[in-house]
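Mapped onto my numbering, the consecutive letters of the sequence shown carry residue numbers 2 to 468.
Ideal placement from N, C-alpha and C gives every residue a C-beta, glycine not left out.
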Amino acid sequence: MLLSWVENHLRLSLLRKDLSVVVLMLFLLAPVVSILQVQIMFFYVEVCLLLWNSWLLLLITCQLRKYFLLEVVRYLADDFHDRDALHGPGCEAIHITEIEASIECDTFMPRIDFSVFHPWYSSFPLVENGLRYSFTTYVRVRCSAEESKDLNTDTILYDNLDSLKFEVKKFSFLPKIIFERHEEYKYLRLVEEIISEGTAKDDRTGTGTLSKFGSQMRFNLRRNFPLLTTKKVFWRGVVEELLWFISGSTSAKVLQEKGIHIWDGNASREYLDSIGLKEREEGDLGPVYGFQWRHFGARYTNMHDDYSGQGFDQLLDVINKIKHNPDDRRIILSAWNPSDLKLMALPPCHMFAQFYVANGELSCQMYQRSADMGLGVPFNIASYALLTCMIAHVCDLVPGDFIHVIGDAHVYRNHVRPLQEQLQNLPKPFPILKINPEKKDIDSFVATDFKLIGYDPHQKIEMKMAV
């Protein structure tokens with residue numbers, strides 16, 4: 002509460018263009034914290050400086066030691082021509098207000114070196130006096146650009162992400178109010194809430210769950226990519242499964258041949274027999290996600306038949322509407338087809354997505370009726386974030402928000418301990434996604450067209466899938 006109050010008043014001081022208020026607040030704050038006996042090693046105050054000749058707002062982090070002895074102050078306004086002032090080894094974080102406007106000026110902030118700094122948090126865009134802006138925090142992930150000078154991030158194929166790992170370090174030096182703005186906490190807090198307060202329920206698999214009904218998470222796709230870091234997420238699996246959906250395939254064998262086994266449990270002979278699909282060939286999942294996306298309404302026979310030209314291609318319809326009628330409120334992609342549910346090995350969990358265009362950005366809101374928080378949701382977040390980025394790419398837009406709406410969000414009882422282990426891990430910066438700029442056809446993408454920069458998660462945490 003104290004830091005929140007300080008932050009709000011510092012910003013108010015900036016809007017009033019009254020830096021004397023900021024200085025006065027620093028002196029007033031010291032005895033308050035002393036009275037509260039807050040034992041801290043580092044305390045950060047964001048001092049807002051207005052550069053009058055460039056209309057650029059920069060949040061300078063002033064590092065204060067215990068008892069508020071000022072250790073380092075650097076007035077960057079006098080040093081903006083010097084790149085070292087921003088990227089020197091003493092700078093652990095950059096707090097900046099990024100304004101989306103081109104304004105003539107004679108003083109410029111050096112370009113942030115993304116081989117050294119990655120976004121930690123970026124607010125959703127705000128608008129004031131006709132200017133669109135956001136507050137962003139970048140953190141140092143490498144000591145210097147020298148560590149990565151031999152890496153050509155435009156040509157590396159991300160089959161081997163180890164080559165891009167930055168130095169593992171803790172980012173807890175950030176003020177708590179900034180540290181906990183990391184968007185991964187939206188997922189972690191929901192998991193924690195379900196474990197501590199969820200309703201105990203039986204389920205189809207017989208495993209048992211703790212459940213909560215009606216949740217929402219919102220992720221900002223403008224600067225980084227929401228691939229969870231508190232455990233290792235199978236990125237190659239996310240990419241290959243999404244490309245499999247886009248192709249319209251219903252064969253689990255296509256994924257198996259690429260070493261992706263996430264659908265094996267629902268494609269086995271034993272499982273198909275157990276749900277009454279005894280005539281179905283092993284590996285044939287029926288008219289699941291991809292079939293509904295590309296051939297909605299077509300009569301399904303088996304995984305081998307060619308369905309070209311059959312049914313309604315929802316995915317192409319979505320892309321055409323975004324390109325030619327972006328204000329349409331019917332830009333919908335649905336995997337839920339009640340007449341086909343009995344033919345599916347598993348009815349769709351993530352069943353419905355709506356796309357929205359504004360300010361040159363594409364956003365997506367997805368509704369998921371049933372969400373396995375341990376295994377499924379980290380995959381689902383990444384998959385629909387990637388789909389949004391891909392569609393934005395082919396439509397010459399930039400990614401905006403991904404909003405994840407969940408009906409029954411549940412933790413399987415055998416996932417409680419692994420998730421409690423995950424909750425002990427501190428988040429790291431989300432990676433940055435790069436898409437091959439030469440690809441403009443949604444059906445032309447292959448896995449190597451997607452480059453993930455700086456994904457350095459904690460170790461994989463084993464959880465057993467409930468079938």
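Query, Result
"N-terminal and C-terminal residue of the alpha helix (DSSP H) that Tyr290 is part of", "Tyr290 to His296"
"Range covered by the alpha helix (DSSP H) that runs through Gly377", "Gly377 to Val395"
"Leu211 (DSSP reduced to helix, strand or coil)", "strand"
"DSSP state of Gly408 mapped onto helix, strand, coil", "strand"
"Limits of the unbroken beta strand (DSSP E) element including Asp373", "Glu362 to Asp373"
"Nearest residue (CA-CA) to Leu387, options Arg414, Ile433, Leu347 and Pro419", "Ile433"
"Cβ-based neighbour list, Tyr357, same chain, cut-off 8 Å, excluding 5 preceding and 5 following", "Ile332, Leu363, Ser364, Cys365, Gln366 and Gly401"
"C-beta contact flag for Thr231 and Leu189 at 8 Å", "yes"
"Alpha-carbon to alpha-carbon, Leu191 and Ile179", "19 Å"
"Where Trp121 sits in the DSSP three-state scheme", "strand"
"Beta-carbon spacing of His416, Lys233 below 8 Å", "no"
"Classification of Ile195 by the beta-carbon crowding that lies within 10 angstroms, buried from 16 upward", "buried"
"Run of the beta strand (DSSP E) containing Gln355, from where it starts to where it stops", "His351 to Ala359"
"For Lys202, three-class secondary structure by DSSP", "strand"
"Three-state class that DSSP yields for Lys461 in the structure shown", "coil"
"Where Arg237 falls: helix, strand or coil (DSSP)", "helix"
"8 Å Cβ cutoff, Glu362 in contact with chain B", "Absence of chain B from the displayed structure is noted, only one protein chain being present."
"Cβ-based burial, Phe125 [other Cβ within 10 Å; buried from 16]", "exposed"
"Element boundaries [alpha helix (DSSP H), containing Leu132]", "Taken as a continuous stretch (DSSP letters only), Leu132 belongs to no alpha helix (DSSP H), being part of the beta strand (DSSP E) at Leu132 to Arg141."
"Option in Asn130, Val289 and Asp306 with minimal Cα separation from Phe353", "Val289"
"Those residues which DSSP pairs with Ala94 across a bridge", "Val140"
"Beta-carbon proximity of Gly209 to Met466, cut-off 8 Å", "no"
"Nonlocal neighbours in the same chain, by C-beta distance under 6 Å from Ser135, ignoring five residues either side", "Glu99, Ser123, Ser124 and Pro126"
"Stretch pair the region 266-277 + the region 338-355: three plus CB contacts closer than 8 Å", "yes"
"Three-state secondary structure assigned by DSSP to Asn303", "coil"
"Own chain residues within Cβ distance below 6 Å of Ile404, not counting five before or after", "Arg219 and Gln366"
"Whole-number beta carbon distance between Asp457 and Lys429, since they are thought to touch under 8 Å", "6 Å"
"Beta-carbon gap between Pro419 and Met391 smaller than 8 Å", "no"
"Per-residue burial, Leu453 [other beta carbons within 10 Å of its own, 16 or more giving buried]", "buried"
"Helix, strand or coil at Val399 according to DSSP, with G and I counted as helix", "strand"
"Enclosing beta strand (DSSP E) for Leu127 [first to last residue]", "Leu127 to Glu129"
"Of the residues Val142, Ser103, Pro111 and Met110, the one placed nearest Pro120, counting alpha carbons only", "Val142"
"For Glu185, three-class secondary structure by DSSP", "helix"
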